[in-house]
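Working notes, beginning with the structure itself.
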Ligand code: HSE
C-alpha cells in the first residue's frame, strides 16, 4: 500500500503551474500538516512540457486521467464549461474527489455536479473559485455555521478592482489599465467576464447559496459591469465623500409585511460606498468580502483575489481537507462510504441538500438601494425644483445635492444622492426627469450603499 496522496492536475496554465510550484516550495509543511506524502502523479496538458519532473506522467487525454487508478484527487484548472464539466463528471463517476477553481462551471452547473458527487460519495471542493486566496468558502461554510447571514457585500473581481483603483488614483483610462491587468495575469481569458461583471456574478451565486442555503441560481443574478463608469463620476463621488467600487451583494429581504417582496437580492454592480468604509480602502487586485451575520455582526475577509500564488493556496487548502477525508488508507483500499467521510466534511452548499430552500430571488425592480444620479440640465430658473419635485412625488428621499458650474455653455451637471428606494420607483422618477424640456441627456445612475 502506498501512503501517498496522488494528485492529477488538469491544466498547466497560471494556476496549474502555481499549484506545482506551491507543492515544491512547501512540501515539508504539507507533509507535517497532513501526515502524508502529497505527490503529483499525472498532469493534463495539450503539449509535452520539458519543465515538468520526469516522475510525473504527462497526458493530453484528460478523460483518461480523470479515470486513472493512479489518482486520488483530480484538480481541474482548465476553465471553461464544456470539457471541464466532462472531466469532472468522469472523475466523480470514477470515485475521485475533485478540486476546482472553476466558478463559471459551478455557478452554471453546480447543482447537477454536487448532486452527482453526493450520489457517488465524493466531494467537489471549490475554495479557489471565489475570491482567490481568501478562505471565504471555508469561513462561511464552517466558521460562521452557527450564524444567520443577513447580507454580504464583496469586492470579488480583482481585475475590476485594479481598474477602478488605477482610474481613481492615477486618472488612467480604462483600456490602458485593462491591458496591464491582462499582462499581470489577473484578467480572465475573455476580459468581458471581468469588466461586465459576469465573473463577479458567478462568484456571487456561489456565495449566496452557501450564505442562505439556496440552490445555485446564476441566471437570476442582476449583473452590471464597470465599462460605463467615467472619471467624472469617480471624481464627483469622491467630492461627496464616497468611492465607487464594483461590488456583489446578496441580501435577505423580509418584504416588510408584503410577502411578494420577501426573498433574496442577488446583484453585482458599481456602487458608491463611504470613503471611510473598510471596503472602500481595499485597493488594487485585492478582494474582500464583508459578511453581516447574526449574532456575530460584521466581519471582513480580505486578500489577493487573483494570481498564481493566491489561487494555488486555495486549491491546496482544499487538497489538505480532502486528505483528511481520504483518511490513512490509500484511495484504492477505501470503500465508498469511507471516501465520503461526512464527519470530516461539510455539505457542498453548507446546508444539507434536503434542506436547501426555495426562497425566491427578487426581480431587479424589487431591489432596494440608494442612488447617485447625474442629471444634465439647462441652466435656467426652476430646473432643480422640477427635479426635486419629481423625486419627492415618488417618495424618494434626497440625501445630498451638488450642482457644478456649467461645463458646456448653459448646461450644468446636477449630482443627487438618495436614500434607499425600490428600483421600480426610481425607474419611474428617472423616466419623468428625462422628459423635462430642461434635461439635455440621459440620467446617469449608480447605486449607493452605506454598508451599515
Ligand atoms: N479574473 C478574476 C479576477 C480571477 O480578476 O478576480 C480570479 O477569479
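Numbering (the working numbering), first residue to last: 4 to 455. No residue lacks a Cβ here, since even glycine has one placed at the ideal position from N, Cα and C.
- Same chain, Cβ closer than 6 Å to residue 240, five either side skipped, listed in chain order: 247 and 275
With a CB to CB cut of under 6 Å and the five nearest residues on each side skipped, what residues in its chain are close to residue 8?
-> 39, 41, 75 and 326
Query raised in the report: What separation, rounded to the nearest whole angstrom, lies between the Cα atoms of residue 261 and residue 369?
Result: 12 Å
query = Around the ligand HSE, which residues pass a check of Cβ closer than 6 Å to any of its heavy atoms?
reply = 135, 160, 161, 162, 189, 190, 191, 197, 202, 308 and 309
**Asked** Between residue 348 and residue 328, which are expected to be in contact by the criterion C-beta below 8 Å, what is the C-beta distance as a whole number of angstroms?
**Response** 5 Å
*Cβ-Cβ distance between residue 3 and residue 374 below 8 Å*: The chain is shown only over 4 to 455; residue 3 falls outside these bounds and no answer can be derived.
Sequence-distant residues of its chain with Cβ nearer than 8 Å to residue 299 (five each side left out)
147 and 150
Margin query: Assess contact between the segment 398-408 and the segment 417-427, defined as three or more Cβ pairs (one per stretch) separated by less than 8 Å. Is contact present?
Written below: yes
Here's the rule: buried if 16 or more other CB atoms are within 10 angstroms of the residue's CB, otherwise exposed. What is residue 161? buried
Can you grab the Cα-Cα spacing for the pair residue 428 / residue 397, in whole Å? 6 Å
Residue 199 versus residue 231: straight-line alpha-carbon distance, rounded: 9 Å
I need the boundaries of the alpha helix (DSSP H) containing residue 165, first residue and last residue. 161-173
Item to complete: Give the C-beta separation of residue 353 and residue 213 to the nearest angstrom, bearing in mind that I take them to be a contact with Cβ-Cβ under 8 Å.
Response: 4 Å
request  = Determine contact between the segment 288-296 and the segment 93-108, defined as no fewer than three beta-carbon pairs at a distance below 8 Å.
outcome  = no
| request: Whole angstroms is fine: what's the gap from residue 237's alpha carbon to residue 171's? | output: 6 Å
Look up residue 290 in the DSSP assignment and say whether it is helix, strand or coil.
strand
Go ahead and label residue 395 buried or exposed: buried means 16 or more other beta carbons lie within 10 angstroms of its beta carbon, across all protein chains shown.
exposed
Query raised in the report: Going by the beta-carbon positions, is the gap between residue 78 and residue 12 smaller than 8 Å?
Result: yes
Could you check the C-alpha separation between residue 386 and residue 142 for me, to the nearest Å? 51 Å
*asked:* If you measure between the beta carbons of residue 125 and residue 88, is that distance less than 8 Å?
replied: no
Locate the alpha helix (DSSP H) running through residue 312, then write down its first and last residues.
-> 311-329
For residue 61, which beta-bridge partners are listed by DSSP? 46
Checklist line | Three-state secondary structure assigned by DSSP to residue 268 | finding: strand
Inter-residue Cα distance where the pair is residue 392 and residue 90:
59 Å
8 Å contact criterion, which residue 367 and residue 417 should meet: CB distance rounded:
Their Cβ separation, rounded to whole angstroms, is 25 Å, which puts residue 367 and residue 417 out of contact at 8 Å.
Item to complete: From the DSSP output, in three-state form, read off residue 245 for me.
Response: strand
What are the boundary residues of the alpha helix (DSSP H) that includes residue 180?
177-186
#### Entry: Proximal residues to residue 157 (C-beta, below 6 Å), its chain only, five neighbours per side dropped
251 and 292
*asked:* Rounded to the nearest angstrom, what separates residue 50 and residue 177 at their Cα positions?
replied: 35 Å
| message | Only counting the same chain, and skipping five residues up and downstream in sequence, which positions put a Cβ closer than 6 Å to that of residue 17? | response | 188 and 311
Straight-line Cα distance separating residue 167 from residue 278: 14 Å
For this session: Count the other CB atoms, across all protein chains shown, that sit within 10 Å of the CB of residue 128; report buried if there are 16 or more and exposed otherwise.
Result: buried
Exercise for review: Confirm, please, whether the CB-CB distance from residue 268 to residue 365 is below 8 Å.
Suggested key: yes
Residue 106 to residue 118 span [Cα, whole Å]: 17 Å
Mapping DSSP to helix, strand and coil, what is residue 356? helix
Item to check | Reference residue 280; option with closest CA among 306, 37, 19 and 244 | outcome: 244
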